[in-house]
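2 protein chains.
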Amino acid sequence: MTTTSSRHVVLAARPQGLPKPGDFRIESAPVPELSPGQVLVRNLWMSVDPYMRGRMSDRKSYAPSFEVGKPMEGRAIGRVVRSTHPSLKEGAVVSSMLGWREYFVSSGEGLNPVDPSLPLAAYLGVLGIPGFTGWYGLKMIGKPKPGETLVVSGAAGATGSLVVQMGKIVGCRVVGTAGTDDKCAYLTKELGADAAINYKKAGDLLEALRPACPTGIDIYFENVGGPLLDAVLRLVNPHARIPLCGMISQYNLDPPDPGPRYLFSMIGNRVLMQGFIISDHLNLYPEFLAEVGGWLKSGRLKREETVVEGLENAPRAFLGLFSGENLGKMVVKLAPEST
Amino acid sequence: MTTTSSRHVVLAARPQGLPKPGDFRIESAPVPELSPGQVLVRNLWMSVDPYMRGRMSDRKSYAPSFEVGKPMEGRAIGRVVRSTHPSLKEGAVVSSMLGWREYFVSSGEGLNPVDPSLPLAAYLGVLGIPGFTGWYGLKMIGKPKPGETLVVSGAAGATGSLVVQMGKIVGCRVVGTAGTDDKCAYLTKELGADAAINYKKAGDLLEALRPACPTGIDIYFENVGGPLLDAVLRLVNPHARIPLCGMISQYNLDPPDPGPRYLFSMIGNRVLMQGFIISDHLNLYPEFLAEVGGWLKSGRLKREETVVEGLENAPRAFLGLFSGENLGKMVVKLAPEST
Numbered sequence: 000m001t002t003t004s005s006r007h008v009v010l011a012a013r014p015q016g017l018p019k020p021g022d023f024r025i026e027s028a029p030v031p032e033l034s035p036g037q038v039l040v041r042n043l044w045m046s047v048d049p050y051m052r053g054r055m056s057d058r059k060s061y062a063p064s065f066e067v068g069k070p071m072e073g074r075a076i077g078r079v080v081r082s083t084h085p086s087l088k089e090g091a092v093v094s095s096m097l098g099w100r101e102y103f104v105s106s107g108e109g110l111n112p113v114d115p116s117l118p119l120a121a122y123l124g125v126l127g128i129p130g131f132t133g134w135y136g137l138k139m140i141g142k143p144k145p146g147e148t149l150v151v152s153g154a155a156g157a158t159g160s161l162v163v164q165m166g167k168i169v170g171c172r173v174v175g176t177a178g179t180d181d182k183c184a185y186l187t188k189e190l191g192a193d194a195a196i197n198y199k200k201a202g203d204l205l206e207a208l209r210p211a212c213p214t215g216i217d218i219y220f221e222n223v224g225g226p227l228l229d230a231v232l233r234l235v236n237p238h239a240r241i242p243l244c245g246m247i248s249q250y251n252l253d254p255p256d257p258g259p260r261y262l263f264s265m266i267g268n269r270v271l272m273q274g275f276i277i278s279d280h281l282n283l284y285p286e287f288l289a290e291v292g293g294w295l296k297s298g299r300l301k302r303e304e305t306v307v308e309g310l311e312n313a314p315r316a317f318l319g320l321f322s323g324e325n326l327g328k329m330v331v332k333l334a335p336e337s338t
Numbered sequence: 000m001t002t003t004s005s006r007h008v009v010l011a012a013r014p015q016g017l018p019k020p021g022d023f024r025i026e027s028a029p030v031p032e033l034s035p036g037q038v039l040v041r042n043l044w045m046s047v048d049p050y051m052r053g054r055m056s057d058r059k060s061y062a063p064s065f066e067v068g069k070p071m072e073g074r075a076i077g078r079v080v081r082s083t084h085p086s087l088k089e090g091a092v093v094s095s096m097l098g099w100r101e102y103f104v105s106s107g108e109g110l111n112p113v114d115p116s117l118p119l120a121a122y123l124g125v126l127g128i129p130g131f132t133g134w135y136g137l138k139m140i141g142k143p144k145p146g147e148t149l150v151v152s153g154a155a156g157a158t159g160s161l162v163v164q165m166g167k168i169v170g171c172r173v174v175g176t177a178g179t180d181d182k183c184a185y186l187t188k189e190l191g192a193d194a195a196i197n198y199k200k201a202g203d204l205l206e207a208l209r210p211a212c213p214t215g216i217d218i219y220f221e222n223v224g225g226p227l228l229d230a231v232l233r234l235v236n237p238h239a240r241i242p243l244c245g246m247i248s249q250y251n252l253d254p255p256d257p258g259p260r261y262l263f264s265m266i267g268n269r270v271l272m273q274g275f276i277i278s279d280h281l282n283l284y285p286e287f288l289a290e291v292g293g294w295l296k297s298g299r300l301k302r303e304e305t306v307v308e309g310l311e312n313a314p315r316a317f318l319g320l321f322s323g324e325n326l327g328k329m330v331v332k333l334a335p336e337s338t
């Protein structure tokens, strides 16, 4: 297979509030010849993730800002289609941080071969950073014990859907929240959640949560931010744990919404709230992959992806995260896996 | 010395919002004869503390509610004035939870002899629960390191004034907040704080805090609740720690004020927020007393008490906590120490 040019997505402008299609621009560039020791990779799948919203702004953060006029970046799974590299052979499948583009040339640095016997798109979701994030946050901060009650916001999303299933594997009562009835049905019927709450229809979240958590809340896995946390704080049990993974509802707001009124419930109940960033813990990725990959292979774990096709639709896929258009992981298919 | 009756304070009514004098009532009762093995204690000092507000309501909490019409309770230091007890002799000084009264009869259970060579009122403050709370929260949750920046709210109060001084002993830059210029002067001139902010005059707390914390904030010791936390969250350094000790500004509000908008800063900065209750950690009291008592004896630590005299003024002393009338520990003197 040969190609002479590759399309990529550049950041056209820093978004004000909710990003819009005009903040992105599709460009194309010639694919350079390979120098000795290089590979040409064709991306098969690329990831769009909520954290990318932070990188689109110029606010100082843990991940560097995207530059206006430059290609965006993110996780991708691609196939080596041409190689002069000593070990990365043509046909190999690799993960990289060079998403948002169709092809790239690399010296191999930052590329990691993946086991092609597992579903490739899963490396962007349940076996990738979203899954790893859920696994770490629940296991290392949430520390779930059998019989405890775990509440998960954004439960039908990439991270939440793993957290829900892990909670059930551990033996917790699991309550998930999501923004459509279909997602709620998915949580209870497919993922085994004990209860699901459609936060858009629930009205008073405290009254919705109370019957779903008859023995209180021991762990709240926070993906979303906003008013649910306040309701949770009124139902927490002593020594509850709150891993803060994401607050997607706040990323496009400046200033963000006011926070929970019942924060002082954390004192009497000795609650732990801990923010975390998965890139601090990459040393645990092999342990994660062994455990969660094993569950996936054995069929104990379900995975779901919402697939958008074509690089030109990648901005739309990203924007869809903020309106909840994804069930499970939102991924963009850039080329057939048989490539 | 002989007495036939003793006055005590009963909870007359559960307060709505800010407690008022009518929520308390002074009663008196005859002092019973001693049965064999009992002591009669005359209280010298009693404590009024913000946490008592929670016990005045009937909301379920970590400490049991006071009953309407019954005597209130709290920490006190008293002298044994009559004894048929085998080891608690006349003249011994004991701490108890039987404050809010002039005299009580006891079998000795729950009484702890204290070393009378240290200032007795200090056992209600820097050497008592307020000091122990500050010591535990700063040392075990805040984990201060030399060169870090520590911000303390309610810094001129019973707990805060120890936290400020401990921060300096460890080698932190310490910034305290308080509600009067006199308290701020006390923080910088007496306690060694590097900066002090009068939150009532400061206007925009973020702009007040920023120049006081030129290298960001590593620890925020929360005594007060309310808007300062939000400003802190905009200045936190990675891996900051926030021990949640108290939120006195919220105890009389129903519903409480909205919380911080910038909670999601905890994610990118991997911030730990941990509520705690000192009664979970009483096993550490001897370690605390050795360390802080040592500082006090050697003059390394300053202490301050605001003294109100007479049981009839105990409700007023308690109410004064919510308007910040105390510098250091608010205590009520019930009898001369020479009693």
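Chains V and F are the protein sequences, given in the same order. Position 133 (the first sequence) corresponds to 132 in numbering that gives the first Met the number 0; numbering is contiguous. Position 111 (the second sequence) corresponds to 110 in numbering that gives the first Met the number 0; numbering is contiguous. For every residue, glycine included, the Cβ atom is placed at its ideal position computed from N, Cα and C. Just so it is clear, the structure is predicted and the values come from calculations on it, not from any experiment.
Show which residues of chain F have a CB atom less than 9 Å away from the CB atom of residue i.
| i | result |
| --- | --- |
| residue 133 of chain V | Result: empty, since nearest Cβ-Cβ is about 14 Å, beyond 9 Å. |
List the residues of chain F that residue i touches, going by C-beta distances under 7 Å, in chain order.
| i | result |
| --- | --- |
| residue 268 of chain V | 274 |
| residue 220 of chain V | Neighbours of residue 220 of chain V on chain F: none; closest Cβ ~13 Å, over 7 Å. |
| residue 340 of chain V | Here chain V covers residues 0 to 338 and nothing more, so residue 340 of chain V does not appear. |
Given a cut-off of 8 Å, decide if residue j and residue i are closer than it, judged by their beta-carbon atoms.
| i | j | result |
| --- | --- | --- |
| residue 157 of chain F | residue 124 of chain F | yes |
| residue 9 of chain V | residue 85 of chain V | no |
| residue 269 of chain F | residue 242 of chain F | no |
| residue 187 of chain F | residue 194 of chain F | yes |
| residue 399 of chain V | residue 24 of chain V | Any property of residue 399 of chain V remains undetermined from this structure, which presents chain V solely from 0 to 338. |
| residue 163 of chain F | residue 212 of chain F | no |
| residue 215 of chain F | residue 148 of chain F | yes |
| residue 296 of chain V | residue 189 of chain V | no |
| residue 41 of chain F | residue 122 of chain F | no |
| residue 327 of chain F | residue 311 of chain F | no |
| residue 192 of chain F | residue 223 of chain F | no |
| residue 185 of chain F | residue 155 of chain F | yes |
| residue 221 of chain F | residue 246 of chain F | yes |
| residue 72 of chain F | residue 96 of chain F | yes |
| residue 318 of chain F | residue 18 of chain F | yes |
| residue 116 of chain V | residue 37 of chain V | no |
| residue 34 of chain F | residue 6 of chain F | no |
| residue 120 of chain V | residue 330 of chain V | yes |
| residue 98 of chain F | residue 46 of chain F | yes |
| residue 78 of chain V | residue 90 of chain V | yes |
In chain V, what lies closer than 9 Å to residue i by C-beta?
| i | result |
| --- | --- |
| residue 245 of chain F | 263, 266 |
By the criterion of Cβ-Cβ separation under 7 Å, what are the contact partners of residue i in chain V?
| i | result |
| --- | --- |
| residue 260 of chain F | 254, 255, 256, 257, 258 |
Going along chain V in order, which residues have a C-beta closer than 8 Å to the C-beta of residue i?
| i | result |
| --- | --- |
| residue 279 of chain F | 269 |
Task: Segments of 4+ residues assigned as alpha helix (DSSP H) that fall wholly inside the segment 194-251 of chain V - done: 204-211, 227-232
Open item on the list: Check whether the segment 280-289 of chain F and the segment 129-148 of chain F are in contact - that is, three or more C-beta pairs closer than 8 Å.
Closed with: yes
TODO: Give, in chain order, every residue of the segment 25-48 of chain F whose Cβ lies closer than 7 Å to some Cβ of chain V.
DONE: none
Open item on the list: Which runs of the beta strand (DSSP E) at least 3 residues long sit entirely within the segment 251-320 of chain V? Give them in chain order.
Closed with: 271-274, 304-308
TODO: Identify each residue in the segment 57-68 of chain F for which the Cβ-Cβ distance to at least one residue of chain V is less than 7 Å, and report them in chain order.
DONE: 60, 61
- [ ] Note down, in chain order, all residues in the segment 210-243 of chain F with a beta-carbon under 7 Å from any beta-carbon belonging to chain V.
- [x] 224, 243
Task: Within the segment 114-171 of chain F, ranges of the beta strand (DSSP E) (whole runs, at least 3 residues) - done: 148-151
TODO: Would you mind listing the alpha helix (DSSP H) stretches within the segment 16-100 of chain V that are 4+ residues and don't spill past its ends, in chain order?
DONE: 51-55
Task: Chain-ordered residues of the segment 10-25 of chain V with a beta carbon less than 8 Å from chain F - done: none
Open item on the list: Within 8 Å, do at least three Cβ pairs link the segment 167-181 of chain F to the segment 247-258 of chain F?
Closed with: no
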